[in-house]
Amino acid sequence: MSKKISARCLLCGKNWDVEEDHKDFKKLVEQQKELPTFICDLCSYRVRHESEEKGKPQKPI
1208 MSKKISARCL LCGKNWDVEE DHKDFKKLVE QQKELPTFIC DLCSYRVRHE SEEKGKPQKP
1268 I
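In terms of the working numbering, the sequence shown opens at residue 1208 and continues consecutively.
As structure tokens, then:
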């Protein structure tokens, strides 16, 4: 059985159960907080998509 830790997303505020194979698991274990914080994958993808769209030239009207 893999280890899980409950953590809160900094952007959306939702609580997530982070599995041991997640890329941020070690950082979450090292945090000495009752509820560690991180940026969830959904918010990470959303921010990346918005920044990519911002860099594209605007379409003419």
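Every residue gets a Cβ at the ideal spot worked out from N, C-alpha and C, and that includes glycine.
| Check | Outcome |
| --- | --- |
| Residue closest to E1241, alpha-carbon to alpha-carbon, out of Y1252, R1253, N1222 and D1248 | N1222 |
| Continuous beta strand (DSSP E) stretch holding D1228: start and end | Taken as a continuous stretch (DSSP letters only), D1228 belongs to no beta strand (DSSP E), as it is neither H nor E. |
| Extent of the continuous beta strand (DSSP E) to which K1211 belongs | K1211 to C1216 |
| Cβ-Cβ distance between D1224 and K1211 below 8 Å | yes |
| Local Cβ density within 10 Å of C1247, reported as buried at 16 or more and exposed below that | buried |
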